[in-house]
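Okay, structure first, notes after.
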Amino acid sequence: MKAFAYAKAPDLAAALAAIEDPGTSVIAGGTEMVNWLKEGIATPERLVDINGLPLDGIDARPEGLRLGALARMSDAAPVVAAEYPVLAESLLCAASPQLRNMASLGGNLLQRTRCPYFRAEVLLPCNKRAPGSGCAARHGETRTQAIFGWSDACVATHPSDFAVALAALDATVIIVGPRGERTVPVTGFYRLPGDDPTVETVLAPDELVTAIDVPAGPHTRASHYLKVRERASYEFAMVAVAAALAHDGGVVTDARLALGGVAARPWRLDRTEAALRGVSLDDTEALRAAVAASFAEARPLAGNAFKVKLAQRATLRALTTAGSRGMVAS
Amino acid sequence: MIAAIGGLRRPDGAAKLTGAADYAADTPVDGVTHAALVPATVATGRIAHIDTAAAVRAPGVLAVLTHTDMPRLKTIGSPPLGQSVLPLQDDTVRYEGQPVAMVLAETFEQARRGAELVRATYADVAVPRAFGDGESVTPRPGLISGNPAGRVGDVEAGLAAATTVVTATYTTPNRHHSPMEPSATVASWHGDQLTVHESTQWVFGTQMALAAAFDLPADHVRVVCPFIGGGFGCKGFVWPHTLLAAAAARVTGRPVKLVLTRAQMFTSCGHQPATTQTLTLGTDDDGRLTAVRHHSVNPTSTFDDYAENATGGTRWMYASPAIDVAVLVEHTSRQTPTPMRAPAEGLGMFALESAMDELAYALRMDPVELRLRNEPAVDPMTGQPFSSRPLPDCLRAAAQRFGWSGRPAEPRSMRDGDELVGWGMASVTMDTFRLPSSARVRLQADGRTIVEAGTQEIGTGLPGVLTTIAAQTLGVDPGSVEVHHGDTDLPETSGTFGSSATMGVGSAVAAAATELRDKLDALAGTGAYPRRLADAGLDSLDAEARWDPAERGEGRSIHTYGAIFVEVRVDPDLGLVRMPRCTATYAAGRIINPLTARSQMIGGIAWGYGQAMLEESILEPQLGRFLSKNMAGYLVPVCADIGDIDVSFIEDPDTDASPLGAKGIGELGAVGVSAAIANAVFHATGIRVRDLPISIERLLNPVWDAPTPTTRP
Amino acid sequence: MRFDEESEVTLRVNGEDHVIHLESRMTLLDALRDRLGLTGTKKGCDGGECGACTVHVGGRRVLACMTLAVSLADADIATIEGMAVDGGLGPIQRAFLDNDAFQCGYCTPGQVMSAAALIAEGHAGSAREIREWMSGNICRCAAYPQIVAAVAEAAGALGRTVNVTEPAP
Ligand SMILES: Cc1cc2nc3c(=O)[nH]c(=O)nc-3n(C[C@H](O)[C@H](O)[C@H](O)COP(=O)(O)OP(=O)(O)OC[C@H]3O[C@@H](n4cnc5c(N)ncnc54)[C@H](O)[C@@H]3O)c2cc1C
Ligand code: SF4
Ligand code: FES
Ligand code: FES
């Protein structure tokens, strides 16, 4: 680990001023940053600690949630559990109790891929870590890699569970920077790798995430986060599904679905969502067909074709579970 | 509840529970220098150049050692060395992760940074040799436990006579021991006296290797290791880092502390090699075996032949007129593999007990019955009598505790909601390794009894076992017994491996305590021993004894046995398996401390669960490296994975094995579990998984298939 | 706001203030072990993957290997060395001993710190809940069933009710 200089920002202005310098990085919970420093994935000259900023609010309002970027995963989960089960579940199935006590929501969105080549203790051919060095995973171990939206430059997936749930709920990220404040939907926050997998989000280096807004709606209660993994806990998702539904007597009126573990960003299933409208939750065949509609564009790699099948089955399961939760309301 | 189980609480428990127990890296040393290794990034080639300039200039860095300036070391061979290649002795790179330089600095942070700044370039880099690419050959002698090949009877004739034959190939993946404590060495020299605090399963092996490397008499080397944070085999032998730390301490003239990083743990102290095993079983109509063939091949390094003796258990498990076993190796680009809990039978019994299950289905016979029918009267390959063979008792007892009798045989016949339920079982066996050890027991006039043995405590609860043995032999209160251990200045013991410590060290303590008792009894006077000592004007009296297994057991086939039954729940849509309960009954000699023995078996079963369901270290074929060198990429079980485990023992004192009647238990629990789980998965799903681990993709059966495109871009 | 590569920091550990001069890149784990001699907190992975380094900061269980020591000026840090009660084992440690909830002992300080926090968090309601909320602490010796029993027993001793008969995963 390279030596770096450290300071705690007293306020937002100071933090923003500090990150105008390109050699300065932000640290929040540190559960990603400290690892990157150890592995040489990040090599900042200066580290600005933003934990002193008043960005840790968790506000549940009638029009929706406002979650501060510095709110901790473990603190947010119980507050949102009743009205937004998909969010609480995505938080509580992630990482471990200790990590959730440390990890901030903003940091969670900004975590980077768990691609084993990227995470190696030495530099391997990886365009994300060393642009132009190639992608060892492309024709290497692809079991945990993407089935959607990848490029020859990078086939990695994004590991956040929370981001997938947020994407399903059409949440937005609030960003401040020298050019003022802006709002970006979570689905648009992430970039697919294309030719340059080093740029993963639309967040500029001189900007900070201050909060996340989640709109309320009839669908948030009938929601569910299903994480598929081999170890019963403390493991990233092989595939995950966030599902939120509104329905009328069991007939879907509105469906929102996002997948995790399949692409460099949470993957919304637009076609499935459209196809589900008007379908009865009891009609398993129709549900299956609707789910399949989004998978025509799946492009599995040599070692992960099973994820195409798995993701569809998980989606169907999540839909059914989410649907069962809404029944009482209608 | 557990607390109700009898047995002495761990005497070292308080130290471990308060953080007071010192592991190697906890050793306080004044003026210690921190060392960090630079591992090779290629799997095969030659070091063309090492640029150390930036590292040498970095703040706090005291020295950088490479093959050009590293002292030349002498070898003693393996074992006690884990591999024959010594570190930093030449410019050849034989495996990825091999140390190519070592940085010494004032602080840990500075050493680690220094190591990052060393730049090595390589020449003659060739394509790594992967398992399956090369030829399988008969292993050269050396790192082999047992005989790699053996044959009795005529297998071809047996198969020709058989009415049912099952042949299948089973594979197990590369695995890493991954103890929670990374290996660590703290070395310091005082003149030509070397003291090493080491995380080792064998202090005396470490002493031997260091004495040889630096050309010293053994008594110039002291190795200290009271506690070790798990080893499971990877600390059984002596690996390069130990030699490097000692060499660095000599070069710098300061104490050196070298703690391996978690990533380095994947390339520094061996691993369990993958195996490919082919099993052929033939039976007559009654399910009696007519022929057994079990061949296994495993990858080893290019420089040592480590033969994983996977066919070991097949030699004595079942009666058959014809048995043919063989182990071959294949030379690949990797570090030399090493035994890992449970070696040999831990791998071989997955294949044998899976094949027995397949045979039971082929014969439409209950798998327990099939095993009972093939119970041998004598060792089927050697003809020797068994010292004890309570396998049928284990099978019947465990089956009953589990509630096996109501099991419908058909696959997919049990359901609970959306989940498929399966029950599976396997027989369990482990070879018995018996190794000599010495111990000293001293009774003091102040009423304390001191037991002294060089052995290290790895978690098996040996201090409690030795306390019990000494207390029982001398008739004193266990609370008055203190065990001193983990130091080559104490009486010589064997390593804590091969499940041998209770037998070896325990028997030595029993012998020493018996001798001491005789001496005490010979004293004049009556009353309690301390009183007699005082009356005789003595502060203390001691006795030292050595136990040599050669004294007994000659001509006997000595093993441990058990039976395991598991229930799995399979989510057929998502390919997920969980194991809510399992029942296992073992016969493993006399159980000296039921409390800690039970813990060992539970731990072993969890290991078997990891083998069955989670653990796999992928050796990336293009790069020739273990791909995920961390504990988020190499998955071992967590608390949520482990359901209810019911462990029981059958009373089976075996005085052919040791005078105590005790045998080894440390590895037995990890045997058979993966087969029982795979068999239960078959019972639940109808899918026979012959390749471990049982990952999601192996179970995604075509219940329904959405119209997905199979074309790849 | 001043950026420093090194600074003097007061670490309050188990109620005692320690003034140390440290580099900003030093983790809490290394500060505890190398600078304060508090080696009860263990390093298993140094990457957030095992839980061996679990300590409490401000009463919450966190990972010392993922925490920069410099960021903890004025925080209350509790380690295994502070868990004893009246110089003897505390109720959680006692329950671990009675249930044989450890073998090699290396993960044990982290398990005990995690268990203490878990009980305080109110996550000891059932065996299943304990299993999940102890899953951030890997025990390679796999003393898991005994750990669950110990936590349940300690939670009971500390006045929380536990349903231990609930089925496993
Ligand atoms: C072993 C392990 C297992 C894990 N398992 C899971 C899992 O199963 N599911 C899951 O979702 N996650 C998992 N995680 C990831 C964990 O959730 C993230 O590490 C955590 O959420 C990151 O938050 P942090 O506050 O610690 O981020 P930090 O490490 O502090 O920062 C991460 C990044 O975000 C930037 N950043 C942080 N806050 C802001 C802000 N407000 N504005 C701008 N930039 C900011 C930092 O500069 C840095 O680039 C796991 C992590 C580990 C180590
Ligand atoms: S998939 Fe992406 S992160 Fe992984 S090696 Fe390729 S470029 Fe790097
Ligand atoms: S050492 Fe901190 S989590 Fe492993
Ligand atoms: S007791 Fe050994 S790792 Fe837990």
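Residue numbers (this note's numbering), protein chains in the order written: chain F, 1 to 330; chain W, 331 to 1043; chain S, 1044 to 1212. We put the beta carbon where it would ideally sit given N, CA and C, even for glycine.
Annotation for P215 (chain F): no alpha helix (DSSP H) segment contains it, though the beta strand (DSSP E) segment containing it runs L208 to P215. Around the beta carbon of A456 (chain W), fewer than 16 other beta carbons sit within 10 angstroms, so the residue counts as exposed.
Residues of chain F whose Cβ lies closer than 7 Å to the Cβ of E1051 (chain S) do not exist, since the nearest Cβ in that chain is about 13 Å away.
A direct Cα-Cα distance of roughly 29 Å separates A354 (chain W) from R424 (chain W). For T451 (chain W), no Cβ of chain F is located within less than 7 Å of the residue's own Cβ. Per DSSP, the unbroken alpha helix (DSSP H) holding C724 (chain W) starts and ends at L721 to F732. The count of Cβ pairs closer than 8 Å, one atom from the segment 1016-1031 of chain W and one from the segment 846-854 of chain W, stays below three, leaving the stretches out of contact. Annotation for A840 (chain W): I799, T803, P989 and L990 place their beta carbon closer than 7 Å to its own, counting only its chain and skipping 5 residues before and after.
Distances from the CA of S887 (chain W) to each of W:A729, W:F716 and W:I922 were compared; the closest alpha carbon is that of W:F716. If you check each beta-carbon in the segment 543-564 of chain W against every beta-carbon of chain S, the ones closer than 9 Å belong to F557, I558, G559, G560, G561 and F562. CA-to-CA, the gap between P44 (chain F) and I50 (chain F) works out to about 15 Å. Setting aside the 5 residues that flank it on each side, A548 (chain W) is surrounded in the same chain by Q537, M538 and A541, each with a C-beta closer than 7 Å to its C-beta; the list follows chain order. S151 (chain F) has a beta carbon lying at 7 Å or more from every beta carbon in chain S. Taken through DSSP and simplified to helix, strand or coil, F236 (chain F) comes out as coil.
A distance of 7 Å or more separates the beta carbons of L347 (chain W) and M432 (chain W). Relative to ligand 1, the beta carbon of E32 (chain F) is positioned inside 6 Å of a heavy atom. A distance below 7 Å between beta-carbons, with the five flanking residues on each side excluded, links E273 (chain F) to the following residues of its chain, in chain order: A255, R256 and L257. Remark: fewer than three beta-carbon pairs, one from each stretch, lie closer than 8 Å, so the segment 7-15 of chain F and the segment 188-199 of chain F are not flagged as touching.
Along the length of the segment 126-214 of chain F, whole beta strand (DSSP E) runs at least 3 residues long occupy 172-177 and 180-185, reported in chain order. Residue burial is scored here from C-beta neighbours: R745 (chain W) has fewer than 16 other C-beta atoms within 10 angstroms and is therefore classed as exposed. Closest option to V708 (chain W), judged by alpha-carbon separation, among W:S650, W:D545, W:P910 and W:E699: W:S650.
I975 (chain W) and V1191 (chain S) have their alpha carbons spaced roughly 12 Å apart. With 6 Å as the limit, the residues whose C-beta approaches a heavy atom of ligand 4 more closely than that are W:M510, W:G560, W:G789, S:F1145, S:Q1146, S:C1147, S:G1148, S:Y1149, S:C1150, S:T1151, S:C1182, S:R1183, S:C1184 and S:A1186, in chain order. Following the DSSP letters along the chain, one finds V811 (chain W) inside the beta strand (DSSP E) bounded by residues V811 to H815. Distance from the C-beta of G29 (chain F) to the nearest heavy atom of ligand 1 is below 6 Å. Between the segment 477-485 of chain W and the segment 926-934 of chain W, the count of C-beta pairs closer than 8 Å stays below three; the two stretches do not touch. For V155 (chain F), the Cβ falls inside the 6 Å cut-off from some heavy atom of ligand 2. In terms of side-chain proximity, the C-beta atom of A1095 (chain S) is found nearer than 6 Å to a non-hydrogen atom of ligand 3.
A contact is defined here as three or more CB-CB pairs under 8 Å, and the segment 507-518 of chain W fails this definition with respect to the segment 629-639 of chain W. Proximity of the beta carbon of C724 (chain W) to ligand 3 is not indicated: no heavy atom of the ligand is located closer than 6 Å.
If you look at G905 (chain W), you'll find it isn't in any alpha helix (DSSP H); DSSP assigns it neither H nor E.
Chain order gives the chain S residues near T591 (chain W) as D1089, where near means a beta carbon separation below 7 Å. Membership of N628 (chain W) in the beta strand (DSSP E) is indicated by the continuous run L619 to T630. From the beta-carbon of M73 (chain F), no residue of chain S is found nearer than 9 Å; the closest lies around 12 Å away.
Secondary structure note for S518 (chain W): its beta strand (DSSP E) is the uninterrupted segment A514 to H520.
Relative to P879 (chain W), the option among W:F763, W:L792, W:T357 and W:F461 whose CA is nearest is W:F763.
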